[in-house]
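Chains as they are written, first to last, in my numbering: chain G, 1 to 452; chain U, 453 to 714.
Written out as structure tokens, the structure reads:
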């Protein structure tokens with residue numbers, strides 16, 4: 001008995017010798033549709049209370065990191081992808097494990113094992129090379145690009161020197177993005193409409209109704225990043241061999257001929273299924289400081305990427321046996337950005353991004369070339385108790401826009417109150433472009449957050 | 453953000469313009485070059501006090517290291533909790549032989565973004581994290597940015613001081629003039645006054661708990677008061693250690709990204 005007591009004391013002493021930090025926050029937010037949001041006008045589009053907890057425990061050169069969330073969703077809009085969250089059937093509660101990893105650092109080598117989130121690239125809130133982590137795609141109201149990222153289960157081995165870092169990833173299990181499958185989700189009826197032009201749609205109801213890659217070694221993902229940091233510039237190279245995080249949708253007509261008795265009339269519906277496809281990417285980025293400015297460049301090449309074919313070509317152009325859900329094309333993405341921090345607490349960032357599909361054809365759902373510009377202005381006043389942020393994106397092809405105005409006021413060191421307005425507008429002549437289709441999600445959101 | 457531990461910015465220029473100028477430059481240079489140890493670490497406690505007496509607190513872990521002529525600094529926010537984990541890494545370089553300044557290399561790690569961002573290393577006259585101190589106030593402002601003069605002599609905190617004026621050469625500088633009281637024996641600043649673009653008194657600095665720690669003169673408490681807005685910042689250093697082993701890997705971008713710096 002004494003031996004066990006001594007062992008217990010020794011273990012307790014070890015735990016006490018560790019440096020353990022807990023960080024928590026409680027966020028409550030509600031968003032409502034603006035007058036231009038058509039059928040969503042005055043409707044709640046967001047209603048969540050989120051408890052977020054992080055534990056970091058350091059022991060010598062090792063660290064354990066765990067971040068999870070408990071979410072109550074008044075709209076029942078929570079969904080899962082089978083691994084990132086455990087969600088109640090009605091979508092009102094979710095338990096999320098965002099990250100959970102062991103990190104160890106030696107003299108030159110470092111190792112991180114477990115669920116982790118990593119950011120690649122120099123772009124702000126735009127995906128160029130940042131393909132490693134899938135995202136929670138269930139919300140567009142007051143959504144945050146970084147908060148929507150989902151952890152991947154991976155092993156990361158790093159080679160570290162003073163000015164360079166090389167990370168190699170092995171991702172044994174594919175994690176798809178979370179889709180708005182919950183019926184209470186305001187995006188649900190838009191992404192998975194029950195009918196189109198009077199024709200019923202039989203869409204997937206659960207994440208595993210999609211064809212997911214098998215859990216086999218040969219279905220693993222691999223990734224590599226090499227970065228260097230110098231006075232002249234920060235440079236990175238990226239390589240990725242994995243899966244596209246979003247499924248490609250297959251539309252199939254389902255005709256049941258009437259027999260004049262039990263089923264008097266012929267019924268015509270469309271069955272919707274989806275499958276995930278392999279994706280390859282090579283990319284590079286640079287951040288170059290120059291006085292008050294930092295110039296950012298980023299580019300990526302996706303060879304033979306699968307692109308969604310549109311519903312019309314699937315249903316009417318091809319025969320049943322040769323109906324492709326996707327076509328493989330080369331894709332090039334490029335970004336040029338600028339950060340400017342003049343005196344007075346201002347931060348101004350501007351970005352231009354171009355996205356082209358080589359040898360594009362009309363069967364594809366997307367355009368052959370899309371480009372847009374973004375601008376963000378941030379200013380903190382009253383000794384950083386009030387922060388005003390204005391940001392916008394302009395689709396340079398169809399001139400649709402997305403804009404956001406956010407006011408953050410620090411009531412105390414621990415409590416922040418936020419008022420966020422999101423406005424999506426179509427381009428001239430009602431063209432949807434990149435942002436017009438989100439018009440019905442123009443909203444104003446109130447958020448309160450306490451950190452402890 | 454070189455020498456975060458209260459080595460106040462008093463800097464000099466080679467060109468003499470008054471009868472005191474030569475010694476003013478010498479004084480400024482000696483104050484600028486006060487030794488601060490090969491390494492240092494400690495916890496910075498910042499208290500912001502508004503005109504109604506309402507206080508807000510920040511706690512920041514700080515590590516510094518000299519690497520040849522480069523001064524490396526890592527700051528990690530501990531509180532308030534909503535910014536905990538935000539980290540800064542800065543490499544400060546000495547002026548060039550012709551007196552021109554060299555921009556710092558600076559990075560910031562934002563835990564919410566899981567990302568290290570390169571940030572401009574040239575803006576030193578901005579407020580440091582909502583405090584009444586600027587980055588220049590907390591570091592060693594480049595000697596080439598000001599013209600110096602001695603305005604007189606006065607006893608402060610019980611010690612004889614030179615009253616040293618540093619006039620910004622840049623007419624657009626937010627702080628047009630700094631007047632500091634420099635201890636004649638130790639070259640440590642005892643108090644200061646800062647004037648805005650219109651040459652109106654904007655901020656006053658008081659220094660307390662000035663003592664030698666492991667042989668290095670250190671100001672352990674500073675209070676900067678903005679007399680125009682009646683806002684005040686108290687800046688204290690705790691658990692200060694000089695010349696003790698600091699994990700050199702802390703001063704790398706990858707350490708920031710791995711959240712390795714405690």
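For each residue, glycine too, the CB sits at the ideal point set by N, CA and C. Treat the numbers as computed from the prediction; the structure is a model and nothing was measured.
N-terminal and C-terminal residue of the alpha helix (DSSP H) that residue i is part of
| i | result |
| --- | --- |
| residue 117 of chain G | Careful: residue 117 of chain G lies outside any alpha helix (DSSP H) and carries neither H nor E. |
| residue 486 of chain U | Premise fails: residue 486 of chain U is in no alpha helix (DSSP H) and is neither H nor E. |
| residue 190 of chain G | 188 to 191 |
| residue 462 of chain G | The structure shown does not extend to residue 462 of chain G, since chain G spans only 1 to 452, so no value can be given for it. |
| residue 707 of chain U | 705 to 709 |
Alpha-carbon spacing of residue i relative to residue j, whole angstroms
| i | j | result |
| --- | --- | --- |
| residue 283 of chain G | residue 236 of chain G | 8 Å |
| residue 681 of chain U | residue 497 of chain U | 22 Å |
| residue 142 of chain G | residue 518 of chain U | 44 Å |
| residue 38 of chain G | residue 440 of chain G | 6 Å |
| residue 416 of chain G | residue 234 of chain G | 34 Å |
| residue 474 of chain U | residue 618 of chain U | Confidence at residue 474 of chain U is low in this model, with a pLDDT of 49, below 50, so the placement of that residue should be treated as unreliable; the coordinate-derived value is given next. One C-alpha to the other measures close to 13 Å. |
| residue 21 of chain G | residue 494 of chain U | 18 Å |
| residue 55 of chain G | residue 23 of chain G | 7 Å |
| residue 268 of chain G | residue 201 of chain G | 9 Å |
| residue 71 of chain G | residue 27 of chain G | 10 Å |
| residue 44 of chain G | residue 274 of chain G | 30 Å |
| residue 568 of chain U | residue 509 of chain U | 25 Å |
| residue 571 of chain U | residue 433 of chain G | 33 Å |
| residue 256 of chain G | residue 47 of chain G | 41 Å |
| residue 436 of chain G | residue 427 of chain G | 7 Å |
| residue 658 of chain U | residue 643 of chain U | 5 Å |
| residue 118 of chain G | residue 127 of chain G | 13 Å |
| residue 661 of chain U | residue 672 of chain U | 5 Å |
| residue 582 of chain U | residue 379 of chain G | 12 Å |
| residue 506 of chain U | residue 578 of chain U | 23 Å |
| residue 670 of chain U | residue 593 of chain U | 17 Å |
| residue 157 of chain G | residue 308 of chain G | 34 Å |
| residue 346 of chain G | residue 384 of chain G | 11 Å |
| residue 458 of chain U | residue 520 of chain U | Low local confidence applies: a pLDDT of 42 at residue 458 of chain U is under 50, so the model's placement there is unreliable, and no value is given. |
| residue 84 of chain G | residue 438 of chain G | 26 Å |
| residue 381 of chain G | residue 277 of chain G | 48 Å |
| residue 325 of chain G | residue 229 of chain G | 42 Å |
| residue 524 of chain U | residue 162 of chain G | 12 Å |
| residue 707 of chain U | residue 106 of chain G | 12 Å |
Own chain, CB closer than 7 Å to residue i, minus 5 neighbours either side, in chain order
| i | result |
| --- | --- |
| residue 82 of chain G | 207, 208 |
Residues near residue i by beta carbon distance below 8 Å, same chain, minus five either side
| i | result |
| --- | --- |
| residue 654 of chain U | 627, 646, 647, 648, 678, 679, 680 |
| residue 399 of chain G | 427, 428, 431, 433 |
| residue 411 of chain G | 417 |
| residue 511 of chain U | 495, 496, 497, 498, 529, 530, 531 |
| residue 683 of chain U | 500, 501, 502, 503, 584, 677 |
Same chain, Cβ closer than 6 Å to residue i, neighbours up to 5 away in sequence not counted
| i | result |
| --- | --- |
| residue 332 of chain G | 301, 356 |
| residue 86 of chain G | 95 |
| residue 191 of chain G | 180 |
| residue 90 of chain G | 76 |
| residue 421 of chain G | 405, 444 |
| residue 470 of chain G | Any question about residue 470 of chain G goes unanswered here, given that chain G covers just 1 to 452. |
| residue 2 of chain G | The predicted position of residue 2 of chain G is uncertain, since its pLDDT is 48 and thus under 50; a value taken from the coordinates is nonetheless stated next. Closer than 6 Å at the Cβ level, and outside the excluded window around residue 2 of chain G, lies no residue. |
| residue 166 of chain G | 159, 226 |
Segment limits, beta strand (DSSP E) that includes residue i
| i | result |
| --- | --- |
| residue 326 of chain G | 326 to 340 |
| residue 23 of chain G | 19 to 33 |
| residue 241 of chain G | 234 to 243 |
| residue 588 of chain U | Looking at the DSSP string, residue 588 of chain U is not in any beta strand (DSSP E); the run it does join, the alpha helix (DSSP H), is 587 to 590. |
| residue 406 of chain G | 401 to 410 |
| residue 217 of chain G | Note, residue 217 of chain G: premise wrong, no beta strand (DSSP E); not H, not E. |
| residue 46 of chain G | 44 to 59 |
| residue 394 of chain G | 386 to 395 |
| residue 141 of chain G | Where residue 141 of chain G is concerned, there is no enclosing beta strand (DSSP E), given that its DSSP letter is neither H nor E. |
| residue 350 of chain G | 346 to 357 |
| residue 636 of chain U | Element bounds for residue 636 of chain U: n/a, residue is neither H nor E. |
Report the residue ranges of all alpha helix (DSSP H) runs contained in full by the region 520 to 560 of chain U; include only those spanning at least 4 residues, in chain order. None, since the region 520 to 560 of chain U contains no complete alpha helix (DSSP H) of that length.
Is it the case that the region 521 to 540 of chain U contacts the region 559 to 578 of chain U, given that we only count it when at least three CB pairs across the two stretches are under 8 Å? yes
With three or more C-beta pairs closer than 8 Å as the rule, is the region 693 to 711 of chain U touching the region 477 to 496 of chain U? Contact between the region 477 to 496 of chain U and the region 693 to 711 of chain U is present: three or more C-beta pairs spanning the two stretches fall below 8 Å.
Do the region 288 to 304 of chain G and the region 334 to 353 of chain G touch if we need at least three Cβ pairs shorter than 8 Å? yes
Counting only runs of 4+ residues fully inside the region 155 to 195 of chain G, write out the alpha helix (DSSP H) ranges in chain order. 188 to 191
I want to know whether the region 182 to 191 of chain G touches the region 146 to 158 of chain G - three or more CB-CB distances under 8 Å. no
Decide yes or no for the touch test of the region 127 to 137 of chain G against the region 175 to 183 of chain G: beta carbon pairs closer than 8 Å, at least 3 of them. Taking a cut-off of 8 Å on C-beta distances, the region 127 to 137 of chain G touches the region 175 to 183 of chain G, as three or more cross pairs fall below it.
Which parts of the region 239 to 305 of chain G are runs of the beta strand (DSSP E), unbroken and 3 residues or longer, counting only runs that do not cross its ends? 248 to 256, 267 to 275, 278 to 290
Which runs of the beta strand (DSSP E) spanning at least 3 residues fall entirely within the region 659 to 703 of chain U, listed in chain order? As far as the region 659 to 703 of chain U is concerned, its whole beta strand (DSSP E) runs of at least 3 residues are 668 to 678, 683 to 694.
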